[in-house]
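2 protein chains.
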Amino acid sequence: MNKIIPNISVDCVVFGFDSSGLKVLLRNRKLECPETGQLLINDHTITGFHVYEGEDLDSAAQRTLFNITGLTGIYLEQFYAFGSVERVNSEKEKCWRSYNNLGISDHVFSVGYLSLVDSTKIKPDQEHADVSWMPVDNLPELGFDHKEIIAKALERLRLKVRLEPIGFELLPEKFTLREMQELYECILGTSFDRRNFRKKIGQMKYVIPLNEKQKGVAHKPAQKYIFSRDVYERTKIEKLDFSI
Amino acid sequence: MNKIIPNISVDCVVFGFDSSGLKVLLRNRKLECPETGQLLINDHTITGFHVYEGEDLDSAAQRTLFNITGLTGIYLEQFYAFGSVERVNSEKEKCWRSYNNLGISDHVFSVGYLSLVDSTKIKPDQEHADVSWMPVDNLPELGFDHKEIIAKALERLRLKVRLEPIGFELLPEKFTLREMQELYECILGTSFDRRNFRKKIGQMKYVIPLNEKQKGVAHKPAQKYIFSRDVYERTKIEKLDFSI
DNA sequence: GCAAAAGTGTTGTACGTACACCCATGG
DNA sequence: CCATGGGTGTACGTACAACACTTTTGC
Chain B
1 MNKIIPNISV DCVVFGFDSS GLKVLLRNRK LECPETGQLL INDHTITGFH
51 VYEGEDLDSA AQRTLFNITG LTGIYLEQFY AFGSVERVNS EKEKCWRSYN
101 NLGISDHVFS VGYLSLVDST KIKPDQEHAD VSWMPVDNLP ELGFDHKEII
151 AKALERLRLK VRLEPIGFEL LPEKFTLREM QELYECILGT SFDRRNFRKK
201 IGQMKYVIPL NEKQKGVAHK PAQKYIFSRD VYERTKIEKL DFSI
Chain A
1001 MNKIIPNISV DCVVFGFDSS GLKVLLRNRK LECPETGQLL INDHTITGFH
1051 VYEGEDLDSA AQRTLFNITG LTGIYLEQFY AFGSVERVNS EKEKCWRSYN
1101 NLGISDHVFS VGYLSLVDST KIKPDQEHAD VSWMPVDNLP ELGFDHKEII
1151 AKALERLRLK VRLEPIGFEL LPEKFTLREM QELYECILGT SFDRRNFRKK
1201 IGQMKYVIPL NEKQKGVAHK PAQKYIFSRD VYERTKIEKL DFSI
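Pasting the structure below:
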């Protein structure tokens, strides 16, 4: 049995995307008073775990991510460490810990990880009935400092998405240009001219059109595309010069 | 007296700049065998300290930075957390810890902070005789995983410097455009056309020319400039639109 | 007067932006 | 046949890249 390190954890902010926008994977946390049955806590948290003794941060994050999604090989990136004194010491968290204290310190440092998944790969199932996608622009009440952690993750996502083609991690393997445009629009909070957007994507040799179209839509079916990381890695060298 | 947290530290990568390039502030670490007097360890480290109980990460970083530079109000930014199992467990570090163990864990998680200082503000003095500026492109032997930490800090600096006007933190209050150009060239590893560079800076309203010139140089004296964070904050809103 | 860096303008190219119409499909 | 989104090209302006000569100072 692995022993946990009582004062160090990782927290994974898992982002997903569907036609209704950008989502975060949250777990519903409930605490009933054993005597009265009263709901003392009913909020949501991102998924985190304490790091095990002898374990790396990255391994702990992968483990956490696997536990919640059942998936491996998923985009995962460390983005910030949180260590404020109050983060597990609000009245609510003291209450939570008084019922669930498993040798956990009262000053837990947590390293935040950002993960991007194709939301169609995650089906809500019986094992994870308390887990669900929540819209990032309309979050429910959150535990700990998870509101802050999600905000910071989002900030990082917005930055990163402009510098590297990581947006594709949020799309199904085959996608249409409209889906791609909607994704970028909702991450960046802008809107793009459709013709200019398509022109720009057309220049990206690593976004490759397929001989495949949408089926069963009540309009002209859109062409599908795939992203090729290979082509990206081979062609990205060109853009290594900068301005200030 | 403050008690340290045995398994959590912060490490500050302090960057400076002078005419010979970009520098890191390093401390010489020496360990002599008490019996034979033989030098067991003679390398360099960035400055870090364990976090105290009841202390925030940011506070710990500020404290560390003050201890090494004697300065406050300096640019400081968290950039990455390091937690590999081996980072304090090489033969060398085991040896170091066997002579200097002050209740320090054998798996220390360290949060890396990046700091930028005007190197003319730091004078090597008697109190910090073991501290010196070392060129980032020619580092001496480093302890712990500090080579990796510095590399990651540098990567972050290169990214950040293109997105925000933080380069000025590395320059004296009053600087010439040549100094500024050299700074950007050596951080980004490129070179710029002088006329185009000056044209571009000319557009930045927050880089303000002074009625003051260089003195005592054997050529046409250059005009001095200052950076105004105020003007920057007021005018930066304009550039909040993006492309992919 | 010479060495060393400061300072200055023009032109071509590439890229971003703005904008309107026909096409294919399901119902 | 109609509603819905798919798909396409041109004209303009902005921003970046390339390039050479004159000026001021200390020695």
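First to last, the protein sequences are chains B and A. For the first sequence, the positions run 1 to 244 when our numbering is used. For the second sequence, the positions run 1001 to 1244 when our numbering is used. Quick reminder that beta carbons are idealized off the backbone N, C-alpha and C, glycines included. Quick caveat: nothing in here was measured; it's all calculated off a predicted structure.
Roughly how many angstroms lie between the CA atoms of residue i and residue j, to the nearest whole one?
i	j	result
residue 69 of chain B	residue 1178 of chain A	53 Å
residue 142 of chain B	residue 85 of chain B	18 Å
residue 228 of chain B	residue 211 of chain B	16 Å
residue 1038 of chain A	residue 1032 of chain A	5 Å
residue 1029 of chain A	residue 1147 of chain A	15 Å
residue 217 of chain B	residue 175 of chain B	14 Å
residue 1092 of chain A	residue 1132 of chain A	22 Å
residue 149 of chain B	residue 112 of chain B	7 Å
residue 26 of chain B	residue 134 of chain B	7 Å
residue 47 of chain B	residue 130 of chain B	11 Å
residue 138 of chain B	residue 1198 of chain A	45 Å
residue 1125 of chain A	residue 1071 of chain A	14 Å
residue 1057 of chain A	residue 1088 of chain A	20 Å
residue 1035 of chain A	residue 1096 of chain A	15 Å
residue 166 of chain B	residue 1221 of chain A	48 Å
residue 144 of chain B	residue 1002 of chain A	26 Å
residue 1140 of chain A	residue 1191 of chain A	26 Å
residue 232 of chain B	residue 226 of chain B	12 Å
residue 94 of chain B	residue 40 of chain B	12 Å
residue 1152 of chain A	residue 1083 of chain A	14 Å
residue 1206 of chain A	residue 1230 of chain A	8 Å
Given that a residue counts as buried once 16 or more other Cβ atoms are within 10 Å of its Cβ, and exposed if not, what is residue i?
i	result
residue 1080 of chain A	buried
residue 1219 of chain A	exposed
residue 180 of chain B	buried
residue 12 of chain B	buried
residue 99 of chain B	exposed
residue 121 of chain B	exposed
residue 1224 of chain A	buried
residue 1102 of chain A	exposed
residue 163 of chain B	exposed
residue 1182 of chain A	buried
residue 1064 of chain A	buried
residue 1194 of chain A	exposed
residue 1234 of chain A	exposed
residue 123 of chain B	exposed
residue 268 of chain B	Any question about residue 268 of chain B goes unanswered here, given that chain B covers just 1 to 244.
residue 1187 of chain A	buried
residue 1202 of chain A	exposed
residue 1189 of chain A	exposed
residue 119 of chain B	buried
residue 90 of chain B	exposed
Could you give the DSSP three-state label for residue i: helix, strand or coil?
i	result
residue 1009 of chain A	strand
residue 161 of chain B	helix
residue 1018 of chain A	strand
residue 138 of chain B	coil
residue 244 of chain B	The pLDDT assigned to residue 244 of chain B is 37, lower than 50, so where the model puts this residue is not dependable, and the model offers no usable value.
residue 24 of chain B	strand
residue 43 of chain B	strand
residue 1223 of chain A	strand
residue 233 of chain B	helix
residue 1291 of chain A	There is simply no residue 1291 of chain A to check, as chain A begins at 1001 and stops at 1244 in what is shown.
residue 1168 of chain A	helix
residue 155 of chain B	helix
residue 1228 of chain A	coil
Report yes or no: do three or more beta-carbon pairs, one from the stretch 157–173 of chain B and one from the stretch 9–23 of chain B, lie closer than 8 Å?
-> yes
Are the stretch 1001–1019 of chain A and the stretch 1094–1107 of chain A touching by the rule of at least three beta carbon pairs closer than 8 Å?
-> yes
Could you give the uninterrupted runs of the beta strand (DSSP E) lying entirely in the stretch 64–125 of chain B, keeping only those of 3 residues or more?
-> 75–82, 109–116
Three-pair Cβ contact test at 8 Å for the stretch 1043–1063 of chain A versus the stretch 1156–1165 of chain A | no
Which ranges would you report for the alpha helix (DSSP H) in the stretch 1170–1207 of chain A if only whole runs of at least 4 residues count?
-> 1177–1188, 1194–1203
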